[in-house]
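A.B. asks: As they're listed, the protein sequences go chains A and B. Heads up, the first sequence is in the working numbering, so the first residue is 1 and it goes up one at a time. Heads up, the second sequence is in the working numbering, so the first residue is 1 and it goes up one at a time. No residue lacks a Cβ here, since even glycine has one placed at the ideal position from N, Cα and C. Every value quoted in this text rests on a predicted model; they were computed, and no experiment measured them. Okay, here's the structure, questions in a sec.
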Amino acid sequence: MLSPIILIPALLNGLLTGAVYALIALGLTLIYGVLHIINFAHGAMLTAAMFGAYFAFKTLGLDPYLSVFVLAPVFFALGYAIQRFVIGPASHGEDRNMLLVTLGLAVVIENALLFNFRADTRTIDVAYAFETINLGFTFLAVPRLVGLIAVFVVAVALWLFMSLTDTGRAIRAVAKEKLGAQLQGINVAHIYAVTFGLGTACVAIAACLLIPTYYVNPGAGNAFVLVAFTIVVLGGMGSVPGALIGGLAIGVVESMSSLFLGDSLGQVGIFLIFIAVLLVRPQGLFGAKA
Amino acid sequence: MFEKKFPLSRRQFITSTALGATAAIAMPSVLRAAGTPVKIGILQPVTGALSYSGTQGQLGAMLAIEEINAAGGIKSLGGAKLDPVAGDAQSTPAGGTAEVEKMNSAGVACIVGGYASGICLATTQAAARYDLPYVVDVGVVDNIVNRGLKNTFRFGPGFGVIANSALENLVAINNAAGKPAKTVMIVHEDSAFGSGLAKLLNAKLPEQGFQVIETIAHPTPTRDFNTIVLKIKAQNPDLVIPANYYNEYVLLARTMQQQQVKPKGIYSVLGGAASSYKFVKEFPEAAKGIMDCNHWFNPLSDKAQALKKKVEAKGQFFTYEVYLNYSCVGLVADALERAASADRAKLTEALAGSTWSGHIMPYGPTKFVNGQNQGAVPCNTQVQGNDIKVILPAKFADAKPMFPLT
Chain A
1 MLSPIILIPA
11 LLNGLLTGAV
21 YALIALGLTL
31 IYGVLHIINF
41 AHGAMLTAAM
51 FGAYFAFKTL
61 GLDPYLSVFV
71 LAPVFFALGY
81 AIQRFVIGPA
91 SHGEDRNMLL
101 VTLGLAVVIE
111 NALLFNFRAD
121 TRTIDVAYAF
131 ETINLGFTFL
141 AVPRLVGLIA
151 VFVVAVALWL
161 FMSLTDTGRA
171 IRAVAKEKLG
181 AQLQGINVAH
191 IYAVTFGLGT
201 ACVAIAACLL
211 IPTYYVNPGA
221 GNAFVLVAFT
231 IVVLGGMGSV
241 PGALIGGLAI
251 GVVESMSSLF
261 LGDSLGQVGI
271 FLIFIAVLLV
281 RPQGLFGAKA
Chain B
1 MFEKKFPLSR
11 RQFITSTALG
21 ATAAIAMPSV
31 LRAAGTPVKI
41 GILQPVTGAL
51 SYSGTQGQLG
61 AMLAIEEINA
71 AGGIKSLGGA
81 KLDPVAGDAQ
91 STPAGGTAEV
101 EKMNSAGVAC
111 IVGGYASGIC
121 LATTQAAARY
131 DLPYVVDVGV
141 VDNIVNRGLK
151 NTFRFGPGFG
161 VIANSALENL
171 VAINNAAGKP
181 AKTVMIVHED
191 SAFGSGLAKL
201 LNAKLPEQGF
211 QVIETIAHPT
221 PTRDFNTIVL
231 KIKAQNPDLV
241 IPANYYNEYV
251 LLARTMQQQQ
261 VKPKGIYSVL
271 GGAASSYKFV
281 KEFPEAAKGI
291 MDCNHWFNPL
301 SDKAQALKKK
311 VEAKGQFFTY
321 EVYLNYSCVG
331 LVADALERAA
341 SADRAKLTEA
351 LAGSTWSGHI
361 MPYGPTKFVN
371 GQNQGAVPCN
381 TQVQGNDIKV
391 ILPAKFADAK
401 PMFPLT
């Protein structure tokens, strides 16, 4: 089993899988970093976005990778509206209420999807789903490679947005010192909504990258959300580089532990690393000390 | 004025009400004979990881109920209609058990369904506490009917029978092709169904001259099959035997196609997607040549073909969950008809003595021994020419096996 013939492909595969995890975690960590809430509706939103990509393909013939340019803005707007008109007002500014509201939102979204689309498992068949690059010792799946590239593009775009734009600076200011930002005339409610919208847009991008090789049903997003929560804590809550590196690391750990411990115990590897990191560095890999 | 509105005296009113109430409590069979609906619990995992299968199972059961009601209901009960009480097991044994409690409180005469073995093990046990008859639709673990529960009946075959049939058929197919397959890898889901089946296959495959190189367990759901497929690729077995549910089966087959892993054969045992029209239609390349030993309807039955058309007209696929649940409800209706009562004990007795042959499966008349239908057998199918053909037993076969594939 230690043969490089299997070890190196497993390592590469872990990186590719981790890229999608990172993208899902990116949205989650962004929301946490600014709003200080764990968005329990993240998995349900991922599912909704996967349904969006699925129907865009089935009804309009829109390729999932092109759907990114439609679904990311749509889900940004959706996320903005949900934070501005549902989570914000319903939570009355209390963190614990926000948790309950997002949890309720998850239940509503999942059941609305179930009611409208039944429990059917749906998949799409695009020509490139089975495209591979032959490295000699293994085949790299093209859709997964696209995922890896996309996560870096999104992370860089997000970093540039946060560093160079006024809205980005306002988001960072609100994340750091809400009251101070408010005193400087920053509209905190608007910034919260923009951040939630950005997090939701990240989820929409992840959905478009997943759908060529994965299936969608009303509970599909849940398979990814627990691992995304783990990445957020592992990388440092609120840290964008943490989500990126944490996601890739978790992908590799999962692949390796599946290889050596078996797939049923693959998840154990994730949590062992998670606990080990928290013991040594409680704030996570890239988290700032409280 | 008062006399006009209420012609009965107060004493007469109380007496007649009391008599009526006594009659209702004491003589439920008399009331049912007049056509009172009989409640039947339809228990499926319609949410969670197994939701697709659960919804398909529910569809089959509901179609049977619709047909029975349209044909005049249970005649020995004065044309009593079947009244479905649908429950969602949420893809977990605990969820299923909670539904049994609710269904018992709702006064169901019996429960049909369960789908997954783990759910069936828990729910049949819960129903046994209330002597509530339970007809298992799919759950294949032999323990479901081996525990001596008087309330539990399984219409389809258990995996002891399925594993034996699968092995016999595999040996026959391999021998007929000149024994090209010698090594095997088993990929199974890690709950009661997959683990139990893998254990049986591990014990029996070597006896038939096959070498099991590795057995890989995976959870449901599994997000990624690349590591498993890398293992398969590294060990290059002649045969891959998957035993898992639909979603995971599809991901496994697609990943094998993507990684260009082409064994001499993929021979599934109860493969969740291998005998699925949905899978074949959506991924004809990944499904090509896959063999399966699984539940299958009687292709020669007009009733089965009519149901297939009806299901397809609804935009759904004719999966085994549909026709097994359809048949299980028919079994219950037949037992109700013979029992002429919705009383649980009488219904249990009628089920135990069932010799029903009005089903759409390639089985003979039902005959239950310790709750297991002795006539239940699986079929071997193979995906050929974008269709699913029956390759064994010869009595129902409409194609010859294509083996080896490479």
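If the cut is a Cβ gap below 9 Å, which residues of chain A does PHE368/B touch?
C.D. replies: Along the second sequence, one-based indexing puts residue 368/B at 368. Within chain A, no residue comes near PHE368/B; the closest Cβ sits about 31 Å away, beyond 9 Å.
A.B. asks: Grab me the residues of LYS346/B's own chain with a C-beta within less than 7 Å of its C-beta, minus the 5 sequence neighbours each way, in chain order.
C.D. replies: Within the second sequence, numbered from 1, the residue matching residue 346/B stands at position 346. So the list reads ALA339, once near-sequence residues are dropped.
A.B. asks: List in chain order: all unbroken alpha helix (DSSP H) runs of 4+ residues lying wholly within the region 93-129 of chain B.
C.D. replies: Fully enclosed alpha helix (DSSP H) runs of 4 or longer: 93-106 and 117-128.
A.B. asks: Pull up the distance between the alpha-carbon of ASP263/A and that of THR121/A, whole angstroms please.
C.D. replies: To locate residue 263/A, count along the first sequence from 1; it is residue 263. To locate residue 121/A, count along the first sequence from 1; it is residue 121. Approximately 23 Å, taken between the alpha carbons.
A.B. asks: If you measure from the beta carbon of ASN116/A to each beta carbon in chain B, is any gap under 8 Å?
C.D. replies: The residue you call residue 116/A lines up with position 116 of the first sequence. Not an interface residue.
A.B. asks: What does DSSP give as the partner residue(s) for PHE130/A in the beta ladder?
C.D. replies: Taking the first residue of the first sequence as position 1, residue 130/A is located at position 130. Bridge partners of PHE130/A: none, in fact.
A.B. asks: Would you say the region 125-142 of chain B touches the region 256-265 of chain B, given that touching needs at least three Cβ pairs under 8 Å?
C.D. replies: Judged by Cβ distances under 8 Å, the region 125-142 of chain B makes no contact with the region 256-265 of chain B, as fewer than three pairs qualify.
A.B. asks: Quick check on PRO45/B: does DSSP put it in helix, strand or coil?
C.D. replies: Taking the second sequence and counting its residues from 1, one reaches residue 45/B at position 45. Note: PRO45/B maps to coil in three-state DSSP.
A.B. asks: Quick one: what does DSSP say SER91/A is sitting in, helix, strand or coil?
C.D. replies: Within the first sequence, numbered from 1, the residue matching residue 91/A stands at position 91. Three-state DSSP puts SER91/A in a helix.
A.B. asks: Can you give the beta carbon distance from GLY147/A to LEU209/A, rounded, assuming they're within the 8 Å contact cut?
C.D. replies: Position 147 of the first sequence, counted from the first residue, corresponds to residue 147/A. Position 209 of the first sequence, counted from the first residue, corresponds to residue 209/A. The pair is a contact, with the Cβ atoms about 5 Å apart (cut-off 8 Å).
A.B. asks: Note down, in chain order, each residue of its chain lying with its Cβ closer than 8 Å to the Cβ of ASN97/A, except the 5 sequence neighbours on either side.
C.D. replies: Stepping through the first sequence from its first residue, residue 97/A is reached at position 97. Within the same chain, ASN97/A has close Cβ partners ALA90 and SER91.
A.B. asks: When the cut-off is 8 Å and only beta carbons count, does LEU230/B lie next to chain A?
C.D. replies: Start at 1 with the first residue of the second sequence, and residue 230/B comes out as number 230. Judged by the 8 Å Cβ criterion, LEU230/B is in contact with chain A.
A.B. asks: In the DSSP output, which residue or residues are listed as bridge partners for GLU239/B?
C.D. replies: On the second sequence, position 239 is the one that residue 239/B refers to. What sits at residue 239/B in the sequence shown is Leu, not Glu. Per DSSP, VAL184/B and GLY265/B.
A.B. asks: Are there 16 or more other CB atoms within 10 angstroms of the CB of LYS314/B, so buried, or fewer, so exposed?
C.D. replies: Numbered from 1 along the second sequence, position 314 holds the residue referred to as residue 314/B. Exposed, by the Cβ-count rule.
A.B. asks: Out of curiosity, what's the CA-to-CA distance linking ASN165/B and SER275/B?
C.D. replies: Here residue 165/B corresponds to residue number 165 of the second sequence, with the count starting at 1. Here residue 275/B corresponds to residue number 275 of the second sequence, with the count starting at 1. Correcting the residue identity first, residue 165/B is Ser in this sequence and not Asn. Rounded to the nearest angstrom, the two C-alpha atoms are 16 Å apart.
A.B. asks: I need the straight-line Cα distance from TRP296/B to GLN372/B, nearest angstrom please.
C.D. replies: The residue given as residue 296/B occupies position 296 in the second sequence. The residue given as residue 372/B occupies position 372 in the second sequence. Their backbone Cα atoms lie some 18 Å apart in a straight line.
A.B. asks: Applying the criterion that 16 or more other CB atoms from any shown protein chain within 10 Å of the CB defines a buried residue, is HIS36/A buried or exposed?
C.D. replies: Locating residue 36/A in the first sequence gives position 36, where the first residue counts as 1. Flag for HIS36/A reads exposed.
A.B. asks: Since MET291/B sits in a beta bridge, which residues does DSSP pair it with?
C.D. replies: As a working mapping, residue 291/B is identified with position 291 in the second sequence. Per DSSP, TYR267/B and GLN382/B.
A.B. asks: Return the Cβ separation of GLY289/B and GLN382/B in integer angstroms, given the expectation that the two are a contact with Cβ distance under 8 Å.
C.D. replies: Translated into the one-based positions of the second sequence, residue 289/B becomes position 289. Translated into the one-based positions of the second sequence, residue 382/B becomes position 382. 7 Å between Cβ atoms; contact.
A.B. asks: Considering only their Cβ atoms, is the gap separating MET291/B from ILE232/B smaller than 8 Å?
C.D. replies: Position 232 of the second sequence, counting from 1, holds the residue named residue 232/B. Position 291 of the second sequence, counting from 1, holds the residue named residue 291/B. Their beta carbons are not under 8 Å apart, which means ILE232/B does not touch MET291/B by this criterion.
A.B. asks: Does ARG144/A come out as helix, strand or coil in the three-state DSSP assignment?
C.D. replies: For the purposes of this step, residue 144/A is identified with residue 144 of the first sequence, where counting begins at 1. It is helical.
A.B. asks: Alpha carbon to alpha carbon, what distance is there between GLN384/B and ILE65/B?
C.D. replies: The count along the second sequence starts at 1 and reaches residue 65/B at position 65. The count along the second sequence starts at 1 and reaches residue 384/B at position 384. Using only the alpha carbons, I get a separation of about 34 Å.
A.B. asks: Does the beta carbon of THR183/B come closer than 8 Å to any beta carbon on chain A?
C.D. replies: Locating residue 183/B in the second sequence gives position 183, where the first residue counts as 1. Output row for THR183/B: interface = no.
A.B. asks: Just the C-alpha distance for ASN244/B and ALA122/B, rounded to the nearest angstrom, thanks.
C.D. replies: Indexing the second sequence from 1 puts residue 244/B at position 244. Indexing the second sequence from 1 puts residue 122/B at position 122. So the two alpha carbons sit approximately 20 Å from each other.
A.B. asks: What residues are listed by DSSP as bridge partners for GLU214/B?
C.D. replies: Taking the second sequence and counting its residues from 1, one reaches residue 214/B at position 214. Per DSSP, MET185/B.
A.B. asks: Within this structure, are the beta carbons of GLY247/A and LEU285/A separated by less than 8 Å?
C.D. replies: Taking the first sequence and counting its residues from 1, the one referred to as residue 247/A is at position 247. Taking the first sequence and counting its residues from 1, the one referred to as residue 285/A is at position 285. Cβ distance not < 8 Å, so GLY247/A and LEU285/A don't count as in contact.
A.B. asks: In three-state terms, what does DSSP make of PHE225/B?
C.D. replies: Translated into positions along the second sequence, residue 225/B becomes position 225. Residue state, collapsed to three classes: coil.
A.B. asks: For a quick check, are the C-beta atoms of ALA234/B and SER255/A less than 8 Å apart?
C.D. replies: In the second sequence, counting from the first residue as 1, residue 234/B sits at position 234. In the first sequence, counting from the first residue as 1, residue 255/A sits at position 255. Result no, Cβ atoms of ALA234/B and SER255/A do not sit closer than 8 Å.
A.B. asks: For PHE85/A, does the three-state DSSP call read helix, strand or coil?
C.D. replies: As a working mapping, residue 85/A is identified with position 85 in the first sequence. Three-state result, PHE85/A: helix.
A.B. asks: Less than 7 Å between C-beta atoms, sequence neighbours within five positions excluded: which residues of the same chain meet that for TYR249/B?
C.D. replies: Stepping through the second sequence from its first residue, residue 249/B is reached at position 249. Cβ neighbours of TYR249/B beyond the five flanking positions: PRO242, GLY271, GLY272, ALA273 and ALA274.
A.B. asks: When you check each C-beta in the region 256-273 of chain A against every C-beta of chain B, which residues fall closer than 8 Å?
C.D. replies: Listed by position along the chain: SER258, LEU259, GLY262, ASP263, SER264, GLY266 and GLN267.
A.B. asks: Suppose contacts are defined by Cβ-Cβ distances below 8 Å. Is PHE117/A in contact with PHE51/A by that definition?
C.D. replies: In the first sequence, residue 117/A corresponds to position 117, counting from 1. In the first sequence, residue 51/A corresponds to position 51, counting from 1. For PHE117/A and PHE51/A, yes; Cβs fall inside 8 Å.
A.B. asks: Helix, strand or coil for ARG172/A per DSSP?
C.D. replies: In the first sequence, the residue the question calls residue 172/A occupies position 172. Correct three-state label for ARG172/A: helix.
A.B. asks: Looking at LEU244/A: is its Cβ nearer than 8 Å to the Cβ of LEU26/A?
C.D. replies: In the first sequence, counting from the first residue as 1, residue 244/A sits at position 244. In the first sequence, counting from the first residue as 1, residue 26/A sits at position 26. In contact: LEU244/A and LEU26/A (Cβ atoms closer than 8 Å).
A.B. asks: In the DSSP output, which residue or residues are listed as bridge partners for LYS39/B?
C.D. replies: Your numbering for residue 39/B matches position 39 in the second sequence. Its beta-bridge partners are ASP83/B.
A.B. asks: Quick one: what's got a C-beta closer than 6 Å to ALA207/A's C-beta in the same chain, skipping five residues either side?
C.D. replies: Against the first sequence, residue 207/A aligns to sequence position 207. Counting only Cβ-Cβ distances below 6 Å, and skipping sequence neighbours, we find LEU46, ALA49, MET50 and ALA53.
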